[in-house]
């Protein structure tokens, strides 16, 4: 799969006012940094960034084009507005092709609907895995097949599709549980006892009975 490309530009003006002005112009303030490289303030087109996130998510390598400078990088941090969820700020980290990096990457579960039948419920306990590898061996997709739960009580790190990849070092314990199958207790029908309803005695009727 080709590495998604992103155009970024230098941001000359700094400070809160210039950042707010950039956002009004549909630009996202950001920084780009690397080991041995000075942190640089940059701008990213908001629409282009949102489209990239929609297609590829946050955990992907990026071919960053900084006004002609080519860098391989990743998204290290994203800040969004609490109210409207628009992008506020992004941190990009440049990767050295010959240096190993640690990545926390999402785990996708396959065939969940197939396993959730009747009273069976898949309980996911872990949704990220930490790995260490060179950037060129960055995995595009990490998943576990939940149909394995037909044969065992739970699926673990050792069941991941990348587990036997010798180019990746998985830093989590292989026996760490990713998902397990639980059974929902059947709902019991509540039995409602019929209460004997007694009509209230009228005062006039009671008095007549006593006189008789």
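Residue numbers (the working numbering): 1112 to 1323. Glycine included, C-beta positions come from ideal geometry on N, C-alpha and C.
Remark: three or more beta-carbon pairs, one from each stretch, lie closer than 8 Å, so the segment 1277-1292 and the segment 1233-1246 are flagged as touching. Partner residues in the beta bridge of residue 1182, as assigned by DSSP, are 1175.
Sequence-distant partners of residue 1138 (beyond 5 residues in either direction) whose C-beta falls short of 8 Å from its own C-beta, in its chain, are 1154, 1155, 1156, 1157. Along the segment 1233-1277, the beta strand (DSSP E) occurs as fully enclosed runs of 3 or more residues at 1239-1244, 1254-1256, 1265-1267, listed in sequence order. In the structure shown, the three-state DSSP call for residue 1166 is helix. Taking a cut-off of 8 Å on C-beta distances, the segment 1220-1236 does not touch the segment 1164-1176, as fewer than three cross pairs fall below it.
Sixteen is the threshold: when 16 or more other Cβ atoms of the shown chains lie within 10 Å of the Cβ of residue 1140, as they do, the residue is buried. Check the Cα spacing between residue 1214 and each of 1172, 1200, 1161: the tightest is with 1172. Here residue 1118 is bridged, per DSSP, to 1176.
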